[in-house]
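Step one of this worksheet: look at the structure below.
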Amino acid sequence: MMASSLALLPFAGNFLGRAEAADSKEAGFNGRPNSGIKGDYDLVIAKGEDPYNITVKAVESMGGMGRFVKKGATVLIKPNIGWDRTPEQAGNTNPRVVAALADMAYRAGAKRVNVFDITCNDARRCYANSGIEAAAAAAGARAYIPDDWDVVKAHFGLRGAASPMEDWPILREAVECDTFINVPVLKHHALTRLTLSMKNLMGVCGGNRGLMHFNIGPKLVDLTRFINPDLTVIDAYRVLTRNGPSGGSLDDVKTLKTVIAATDPTLADAYAARLADVDPMAVPYIKTAVKEKFGSADIEAAKSITIDA
Amino acid sequence: MKKLVLLRRSSQLIFLSLFVYILWSTTYPMTGIFPPATFFSLDPLLVMMTSISERVIVAGFLYSLGMLALAAVFGRLFCGWVCPIGACVDMAGTTQRRKAVLSDEHNSLISKPKFYILTLILVIAIYGRQVAWVMDPIALAGRFVSLNLIPATTFILNKIFAILIRDMGMTGAVRDLYHSLKPTFLGVKAYYFSNAGIVLIYFIAVAGASLILRRLWCRMLCPLGALYALAGSAAPFKRIVDKCLLCENCGNECRMGAIRRDMSYVRGECVLCMDCVYRCPARGVRFGFGLPRPAEEAPGRDAISRGQFLSFLTASAASFISIPFLKADPAEASETDDARRVGIIRPPAALEEIDFKDRCVRCGNCMKVCVTNGLQPVMLEAGYSGIWTPRLMPNIGYCEYKCTLCGKTCPTGAIPPLTLERKMRTRLGVAEVDKSKCLPWAEGKECIVCQEHCPVAEKAIALDVDPVSGLQKPRIVEELCVGCGICQNKCPVRPLRAVTVSPRVSDRTRV
Chain C
1 MMASSLALLP FAGNFLGRAE AADSKEAGFN GRPNSGIKGD YDLVIAKGED
51 PYNITVKAVE SMGGMGRFVK KGATVLIKPN IGWDRTPEQA GNTNPRVVAA
101 LADMAYRAGA KRVNVFDITC NDARRCYANS GIEAAAAAAG ARAYIPDDWD
151 VVKAHFGLRG AASPMEDWPI LREAVECDTF INVPVLKHHA LTRLTLSMKN
201 LMGVCGGNRG LMHFNIGPKL VDLTRFINPD LTVIDAYRVL TRNGPSGGSL
251 DDVKTLKTVI AATDPTLADA YAARLADVDP MAVPYIKTAV KEKFGSADIE
301 AAKSITIDA
Chain L
310 MKKLVLLRRS SQLIFLSLFV YILWSTTYPM TGIFPPATFF SLDPLLVMMT
360 SISERVIVAG FLYSLGMLAL AAVFGRLFCG WVCPIGACVD MAGTTQRRKA
410 VLSDEHNSLI SKPKFYILTL ILVIAIYGRQ VAWVMDPIAL AGRFVSLNLI
460 PATTFILNKI FAILIRDMGM TGAVRDLYHS LKPTFLGVKA YYFSNAGIVL
510 IYFIAVAGAS LILRRLWCRM LCPLGALYAL AGSAAPFKRI VDKCLLCENC
560 GNECRMGAIR RDMSYVRGEC VLCMDCVYRC PARGVRFGFG LPRPAEEAPG
610 RDAISRGQFL SFLTASAASF ISIPFLKADP AEASETDDAR RVGIIRPPAA
660 LEEIDFKDRC VRCGNCMKVC VTNGLQPVML EAGYSGIWTP RLMPNIGYCE
710 YKCTLCGKTC PTGAIPPLTL ERKMRTRLGV AEVDKSKCLP WAEGKECIVC
760 QEHCPVAEKA IALDVDPVSG LQKPRIVEEL CVGCGICQNK CPVRPLRAVT
810 VSPRVSDRTR V
């Protein structure tokens, strides 16, 4: 509503021309560049009783947070805060996982850690009832409701109009951060079978998001290509197995007590799919990613480690 | 003596700020110090007329009796020192310096209509319809603050922050400040209320009337003022003149026209503004308990005589006979006078339509508190008797599944307070899929956005897989649907949504 009403003000759109300048800087790709940082392992699977602890162990096995977060960096942790649900209902990312990542980011020297998501239910209720707002605040991170009017229009450069995500509004703060940590929760979704890291990135998109569901595979792969998360940590501590993505019934929740970490979103998603007993190739965005050789879904070929913590 | 005037002005300002503060804090997560219904529950006109028309004791009945008792002792202290509309009227009135005083006859004439209005409201209430909301100053002020003032202020502030942050690049402390103000003070989404302009025009007319004559609304039209005038017509706390130079300053300056040429005054018209104390060159005027001096209680009739009032009351009492004919049987009425028939979705578990419209005082609390901004004021869609009642408009905002705030803020129980358990089972309506618009049905495109947002744990939207295309097509499971409207709200089809909520099935509360 805010964005559309702003468009009515002739001066508000490009006052001082800043928005335009940022968009047309390269006249091409204007997303986050791929940092190319790799972990010690391609894939880390950590299992254990405490979601905080296993998250810490998983990232340590990757080589530690210092590898991804430089001193003085602005870090964005992007969990799933989409629903007005409690942590037990598993509709959102586990707050303890978010807290662990925020703590590690600060220890690695981050200047600032932001936590946000564009929610599906009322944002204030989602932030409060998911427990993420409180967990982030306790870690010193800033959990805030992002501004849906502060967006950049996605341009893919050479791919250009060929991308189904060309011109899609993406939150500026999601693009302009130094480190992007994507923290989805593994859960059921009727259209894509599972909600995983690439699907979680819909939370930084503005616009009529429902339309992304058509042709969703290529759209999510291009969205991930645009955001280029530096680290993907999939929360599979509590997993919603039915009636996702919002859930609501505790009968649908299975406790797997697992956290998956990877730098390649496709690999993380592929492993998470297997963990949920779903053929990775049945998940549209993994299928597209493999077809377009965006990352790898070959779990056997990946250098992986499983930790019990 | 100026001190008393300053004291009165401060009191007005404090209560006006308090009024705005309470309504501003009427938002999730409800961390305000005072309950949202405070001012409305203290309003004897709203509370009593609703109680009379609905034959119930509305919450706040005792408080409002207390307010009347206060008036019986101190007169119209509320009007002069507390009333938010009174404060606005005074502020507007200060811009014109014309004398408020007219001849005694004109003053008396001006003061009368409000009593007739009050009597009319009372008679209609006895007949079983509550129309106090039309002219009650507190409801009027509440609507203005909730539907005009707060939305306009937050809209402008949001715009300013947008320009500062996005266009001028102030992404440091300014953005942090904005983000901390956003969830509480500014609101996550800009408040928007359809047709709220009429509310604004009404408020401007009421406050602006004082440009013609100071306190014109309070003197002439305000039914709450009339009620307090009656209650305070024999108040022991009164104006006492110890010394008089016959300069007529007090009478010339009286904004209520309460002081007569012969220096006597009409207690029911005096709002204790203290101007006459301040203006008296002899410093001979004071307010207090005490015996009247001959000069101030000279013969003269109050604005409305006891006989006039009693005759109205008798007429009202006599009209009890006609109640069976006038308060239509709800079951019968629901066929002819039903929101369902005209497609209006009422808030969760709202009273049956005819009672809802009589119980609702149009204070605007439910609309202000609605987290999604989905509750909107009705114009004429529910008839004249439905003006400014709330309706859910899912295209603007849906009913948040685990939210019970509208019932909690309603001062009269038109929307009953619900437990979360009951709220989650309460049907506002039922969703319907328009297969001629729905993407999988009509265009062969993947979607399922309605299904993914459905808050019911078992999903009130089932997906049937098309055997040929493999597309998942939504189908409403009517037994599970609560009609919250999130499916309609999130449906990506434009301009008309492919899923809509119809109130043809809805759980309304029977009185």
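The listed protein sequences derive, respectively, from chains C and L. Following our numbering, the residues of the first sequence are numbered contiguously, the last one being 309. Following our numbering, the residues of the second sequence are numbered contiguously, the last one being 820. Positions of the beta carbon are idealized from the N, C-alpha and C atoms, including for glycine. This structure is a prediction, so every number in the text was calculated from the model and none was measured.
Chain-order list of residues whose beta-carbon lies under 7 Å from that of residue i (same chain, five-residue window excluded)
i, result
"LEU250 of chain C", "GLU88 and GLN89"
"MET357 of chain L", "SER373"
"CYS553 of chain L", "MET572, ALA591, GLY593 and ALA604"
"ARG649 of chain L", "PRO812, ARG813 and SER815"
"PRO218 of chain C", "PRO164 and THR288"
"PRO146 of chain C", "PHE116, ILE118, LEU171 and GLU173"
6 Å Cβ shell around residue i - same chain, five flanking residues per side excluded
i, result
"ALA380 of chain L", "TYR537, ALA540 and GLY541"
"ARG238 of chain C", "ALA90, VAL253 and THR255"
"VAL287 of chain L", "Residue 287 of chain L cannot be examined here, being either before or after the span of chain L that is shown, 310 to 820."
"ASP358 of chain C", "Outside the displayed range of chain C (1 to 309) lies residue 358 of chain C, so it cannot be described from this structure."
"THR721 of chain L", "THR359, VAL367, ARG668 and VAL670"
Nearest-angstrom Cα separation, counted from residue j out to residue i
i, j, result
"GLY244 of chain C", "PRO344 of chain L", "37 Å"
"LEU332 of chain L", "LYS677 of chain L", "8 Å"
"LEU223 of chain C", "VAL814 of chain L", "41 Å"
"THR623 of chain L", "CYS531 of chain L", "22 Å"
"PHE424 of chain L", "LEU418 of chain L", "11 Å"
"ALA282 of chain C", "GLY683 of chain L", "38 Å"
"ALA309 of chain C", "TRP750 of chain L", "49 Å"
"PHE294 of chain C", "MET198 of chain C", "12 Å"
"ASP287 of chain L", "TRP390 of chain L", "Nothing about residue 287 of chain L can be read from this structure; chain L reaches only from 310 to 820."
"PHE453 of chain L", "GLU788 of chain L", "40 Å"
"TYR106 of chain C", "ALA272 of chain C", "27 Å"
"VAL175 of chain C", "ASP352 of chain L", "53 Å"
"ASP445 of chain L", "LEU509 of chain L", "15 Å"
"GLY157 of chain C", "ASP264 of chain C", "22 Å"
"PHE470 of chain L", "VAL483 of chain L", "8 Å"
"GLU644 of chain L", "MET688 of chain L", "With a pLDDT of 47 at GLU644 of chain L, under the threshold of 50, the modelled position of this residue cannot be trusted, and the question is left open."
"ILE785 of chain L", "THR728 of chain L", "26 Å"
Residues bridged to residue i (per DSSP)
i, result
"THR771 of chain L", "Contrary to the premise, residue 771 of chain L reads as Ala rather than Thr in this sequence. L:ARG784, per the DSSP bridge assignment."
"THR74 of chain C", "C:ARG112"
"TYR574 of chain L", "L:ILE568"
"GLU562 of chain L", "DSSP, once it has assigned bridges, lists no residue as partnering GLU562 of chain L."
"LYS47 of chain C", "C:THR258 and C:ASP308"
"PHE546 of chain L", "L:PHE598"
"ALA499 of chain L", "Paired residue(s): none; ALA499 of chain L is not in a bridge."
"GLU741 of chain L", "L:THR809"
"ILE654 of chain L", "L:LEU701"
"THR241 of chain C", "Answer is none; THR241 of chain C lacks a bridge partner."
"ARG671 of chain L", "According to DSSP, which records beta bridges pairwise, ARG671 of chain L is partnered with nothing at all."
"ARG142 of chain C", "C:ASN114"
N-terminal and C-terminal residue of the alpha helix (DSSP H) that residue i is part of
i, result
"GLY534 of chain L", "532 to 540"
"LEU191 of chain C", "Element bounds for LEU191 of chain C: n/a, residue is neither H nor E."
"ASP269 of chain C", "265 to 275"
"ALA154 of chain C", "Per DSSP, ALA154 of chain C belongs to no alpha helix (DSSP H) and is neither H nor E."
"VAL808 of chain L", "That residue, VAL808 of chain L, is in no alpha helix (DSSP H); its beta strand (DSSP E) goes 808 to 811."
"GLU730 of chain L", "729 to 734"
"PRO460 of chain L", "459 to 471"
"ASP584 of chain L", "584 to 588"
"ALA516 of chain L", "505 to 517"
Proximal residues to residue i (C-beta, below 8 Å), its chain only, five neighbours per side dropped
i, result
"LEU520 of chain L", "ALA401, GLY402, THR404 and GLN405"
"ALA544 of chain L", "ALA380, ALA381, VAL382, PHE383, GLY384 and ARG576"
Host beta strand (DSSP E) of residue i (start-end)
i, result
"PHE598 of chain L", "594 to 598"
"ASP667 of chain L", "Per DSSP, ASP667 of chain L belongs to no beta strand (DSSP E); it is in the alpha helix (DSSP H), 662 to 668."
"SER304 of chain C", "304 to 308"
"THR392 of chain C", "This structure does not reach residue 392 of chain C, given that chain C is present from 1 up to 309, and the question cannot be answered."
"LYS491 of chain L", "Here LYS491 of chain L belongs to no beta strand (DSSP E), and DSSP marks it neither H nor E."
"LEU684 of chain L", "684 to 686"
Check: residue i C-beta below 6 Å from any heavy atom of the ligand ADP
i, result
"GLY738 of chain L", "The ligand ADP is absent from the structure shown, which contains no ligand whatsoever."
Q.
If we require 4 or more residues per run, which alpha helix (DSSP H) segments fall completely within the region 321 to 398 of chain L?
A. 347 to 350, 353 to 363 and 370 to 383
Residue ranges of each alpha helix (DSSP H) run of no fewer than 4 residues wholly in the region 84 to 140 of chain C, ordered along the chain? 95 to 107, 123 to 129 and 132 to 138
Segments assigned alpha helix (DSSP H), at least 4 residues, entirely inside the region 402 to 451 of chain L
Listed in chain order, the alpha helix (DSSP H) runs fully inside the region 402 to 451 of chain L are 413 to 420 and 422 to 436, counting runs of at least 4 residues.
Ignoring anything shorter than 4 residues or poking outside the region 158 to 236 of chain C, list the alpha helix (DSSP H) runs there in chain order. Counting only runs of 4 or more, we get 172 to 175, 197 to 200 and 216 to 227.
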